[in-house]
Structures are given as structure tokens and as C-alpha cells.
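Just so you know, we're using our numbering here: the sequence shown kicks off at 3 and counts up by one. The structure appears right after this line, and notes come after that.
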Amino acid sequence: MDAAAVNAYFTGLQERIVAALEAFDGAPFRRDAWTRAHGEGGGVSMLIEEGNFFERGGVNFSHVTGEALPASATARRPELAGRRWEALGVSLVLHPRNPYCPTTHMNVRCFAAFPAEGAGPASPPIWWFGGGMDLTPYYGFVEDCVHFHRVCKEALDPFGAELYPRYKRWCDEYFFLKHRNEPRGIGGIFFDDLNEGGFERCFALTQSVGEAFLAAYLPICEKRRDTPYGERERDFQLYRRGRYVEFNLIWDRGTLFGLQSGGRSEAILMSLPPLVKWRYDWRPAPGSAEDKLYTDFLPPRDWLAAS
């Protein structure tokens with residue numbers, strides 16, 4: 003694994019994405035460099051709060067190492083227990099203020115697990131890439147969903163026509179609130195444990211996903227940013243944001259890994275929206291615009307067939 007090349011790409015990606023988001027919003031992001039409470043490494047968090055467009059958003063870079071992977075990693079891959087590890091990644095979550103503009107998440111990352119001391123040459127390092135992006139609308143528009151998924155597919159197509167349907171299905175399955183029996187949003191793509199075809203291919207695929215994010219998301223925001231809204235739409239947005247919080251705190255592996263590995267809590271929890279509402283057993287009025295999110299958008303579907 004060429005950690006220097008991955009580091010250089012990820013830090014550059016963070017800077018390019020933040021520059022584009024600052025130009026779109028018109029307000030600057032705060033830069034906050036940090037180091038880990040335990041172990042080695044750190045990162046840079048870039049955050050906006052109460053911007054002109056984004057109510058809250060963060061774009062994080064981290065490069066950290068440790069002597070043993072936390073339980074959130076070894077529970078899924080027990081063969082990695084006891085190995086030293088190194089992790090690099092960029093992760094972002096953006097929460098627009100306008101309810102007609104969707105929340106989004108993107109992540110690209112690289113891991114390596116090194117043989118335990120005394121393991122010998124028969125136990126080589128294990129490396130892999132992961133990542134993806136997904137969209138969480140509050141009021142759905144078919145053309146927005148089609149656009150987002152089309153850009154995701156175009157990012158993956160050079161690496162195999164079979165990847166988009168596989169990674170789309172993986173995303174639908176991963177971003178699912180099991181305790182609600184409900185998807186978090188309209189999906190996108192998600193992949194993990196990627197090492198097939200060698201380091202250069204996997205790194206190139208990960209870069210393609212990272213570079214596609216702005217083209218997938220910002221045109222949707224540009225189209226919807228001036229859509230008028232009132233108290234009803236804002237109230238529904240805050241209610242649905244509760245689902246986002248529930249997923250990130252209960253099911254998200256990245257959140258658990260960051261907290262268990264001694265990452266900076268503020269940087270990890272920057273994914274949470276600033277304002278949220280919960281209600282007891284609330285249901286939208288049948289046939290309403292809010293109801294259509296549940297009936298027409300959240301159930302997994304082939305968005306490219308809708309174009």
C-alpha cells in the first residue's frame with residue numbers, strides 16, 4: 003500500500019471539495035487540525051455552521067494508526083484481531099437549511115492491517131479500500147434521484163459494468179434502519195473490503211468515486227436552493243433528520259470505529275444535524291407530499307429506469 007500517495011490524494015480531495023462548497027455557500031469553512039487522544043495520527047476537520055445555504059456541514063480528513071483494531075472492526079473481520087493498523091480517509095456530511103435540498107454523505111477510505119510482531123513473512127499486510135455516497139431527501143424529486151444515481155454509475159463504469167448494480171444494492175442494504183424497517187434515504191453506492199485487481203485499480207476506483215461527488219450533489223442543490231418553504235416543510239425536515247441521527251449513532255460502522263479507536267469526538271459527530279425533532283408514532287397524511295417520501299422514494303428502486 004502506498005500510504006503517501008493515498009494521503010496526498012485524500013488531502014487534496016478535501017481541499018477541492020471544501021473550496022467548491024465555500025463558493026456555493028458564500029461563507030467560509032472553519033479549519034480545525036486535531037490529534038488522536040490515544041495512538042498516533044490525527045486529521046483536519048473543515049466545518050460550516052449557519053452558512054448561507056448549509057445549516058451545518060463537515061468535510062473531514064484523518065490519517066491514524068493503532069496497535070490493535072477496535073471491536074467494531076474485528077467483529078466483522080476476526081482475522082484482523084491483534085494486528086497493527088493504519089487508516090486514511092475523507093468523510094463528509096452536508097445538511098442544507100432548505101427542506102427541498104437533500105442531506106448527503108460521502109466517504110472514501112483506505113485501511114491496512116499489519117502482521118503481529120513475530121508473525122513472519124507468511125503473514126503479509128492486508129489492505130483494502132472502501133467508500134461511497136448516498137442521498138437523503140426530505141421532499142423527493144425523481145429527476146434528482148436519477149441524476150445522483152447516473153453520476154454514481156458513470157464513476158464506476160470504467161471499472162466494470164457489474165459494479166454499479168452491486169454497489170447500489172450494498173448501499174440500499176447498509177443505509178437501512180433495522181429498528182424502523184426503513185431506508186435512510188434513496189441510496190447511492192457503497193463498497194468495502196475492496197482489493198480485487200491490485201492496489202492501483204482499487205485506488206483509481208476510489209478516486210473516481212471521490213471526484214464524482216460534487217457533480218452528483220451540487221447540481222441538485224443549485225436547482226432547489228431557492229424553492230420556497232414554510233413551517234410545515236421545515237417541521238418535516240427536522241422530524242426526518244431524527245432518522246439520520248438514529249442511523250449514525252446506532253448502525254454506522256464509521257461512527258463506532260472512530261469513537262472506539264480514540265478519534266476526536268467533535269470531528270466524528272459533526273455528521274449530526276444541528277436541529278432535530280422526534281414525535282411519538284407520527285404518520286404523514288395519506289397522499290401528502292410528506293407521505294410520498296415513504297411511498298415513492300424510500301423503497302429501493304432502479305432509479306436509472308425512471309429516466
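Note that CB positions come from ideal geometry on N, CA and C, so glycine has one too.
- request: Confirm, please, whether the CB-CB distance from CYS154 to GLY2 is below 7 angstroms.
  value: Nothing can be reported for residue 2, as the shown portion of the chain is limited to 3 through 309.
message: Rounded to whole angstroms, what is the Cα-Cα separation between PHE131 and ALA157?
response: Taking the straight line joining both Cα atoms gives about 16 angstroms.
field: Whole alpha helix (DSSP H) elements within the segment 206-242, 4-residue minimum
entry: none
Three-way DSSP call (helix, strand, coil) for HIS151 in this model: helix
- prompt: With burial defined as no fewer than 16 other Cβ atoms inside 10 Å of the residue's Cβ, what is the status of TYR166: buried or exposed?
  reply: buried
field: N- and C-terminal bounds of the alpha helix (DSSP H) containing PRO167
entry: 165-176
message: Between the alpha carbons of LEU295 and THR37, how many angstroms are there, rounded?
response: 41 angstroms
field: Under the three-state DSSP convention, the category PHE55 falls into
entry: coil
query: Going straight from the alpha carbon of GLU164 to that of GLY232, what length do you get?
result: 43 angstroms
query: What is the residue span of the alpha helix (DSSP H) that LEU274 lies within?
result: First-last for LEU274: undefined, no H or E at that position.
query: alpha helix (DSSP H) containing GLY260: first to last residue?
result: Boundaries of the alpha helix (DSSP H) around GLY260: 255-262.
task: Could you say which of PHE55, LYS279, ASP254 lies nearest to PHE238 if we only look at CA atoms?
output: LYS279
message: For ALA89 and ALA217, what's the separation of their Cα atoms in angstroms?
response: 26 angstroms
- request: Have a look at PRO30 and GLY45 and give me their C-alpha separation to the nearest angstrom.
  value: 19 angstroms
query: Three-state secondary structure (DSSP) at CYS204?
result: helix
- prompt: In terms of residue numbering, what span does the alpha helix (DSSP H) encompassing ASP293 cover?
  reply: Unbroken alpha helix (DSSP H) run through ASP293: 291-294.
- prompt: Quick one: Cα of PHE193 to Cα of LEU137, how far?
  reply: 15 angstroms
query: For TRP129, is the classification buried or exposed, using 16 other Cβ atoms within 10 angstroms of its Cβ as the cut-off for buried?
result: Taking all protein chains shown into account, TRP129 has 16 or more neighbouring C-beta atoms within 10 Å of its C-beta and is therefore buried.
message: Need the endpoints of the alpha helix (DSSP H) that PHE143 sits in, please.
response: No alpha helix (DSSP H) contains PHE143, which DSSP labels as neither H nor E.
- prompt: CA-CA distance, GLU235 and ASP304?
  reply: 27 angstroms
- prompt: Using the beta-carbon count (16 or more within 10 Å), is LEU277 buried or exposed?
  reply: exposed
task: Measuring alpha carbon to alpha carbon, tell me which of ARG227, LEU49, PRO117, VAL66 ends up nearest PRO98.
output: In terms of CA proximity to PRO98, ARG227 leads the group ARG227, LEU49, PRO117, VAL66.
- request: Output the distance between the C-alpha atoms of MET3 and TRP284, rounded to the nearest integer angstrom.
  value: The alpha-carbon atoms of MET3 and TRP284 are separated by roughly 49 angstroms.
message: Could you tell me the alpha carbon to alpha carbon distance between PHE63 and GLY43, rounded to whole angstroms?
response: 11 angstroms
- prompt: Given CYS147, which residues of its chain have a CB within under 8 angstroms of its CB, disregarding the five upstream and five downstream residues?
  reply: LEU137, PRO139, ILE188, PHE299, TRP305, ALA308
field: Beta-carbon contacts of VAL66 that lie in its chain and below 6 angstroms, excluding the five residues immediately before and after
entry: ARG38, GLY43, ALA89
query: Where GLY244 and SER273 are concerned, what is the direct C-alpha to C-alpha distance, given to the nearest angstrom?
result: 12 angstroms
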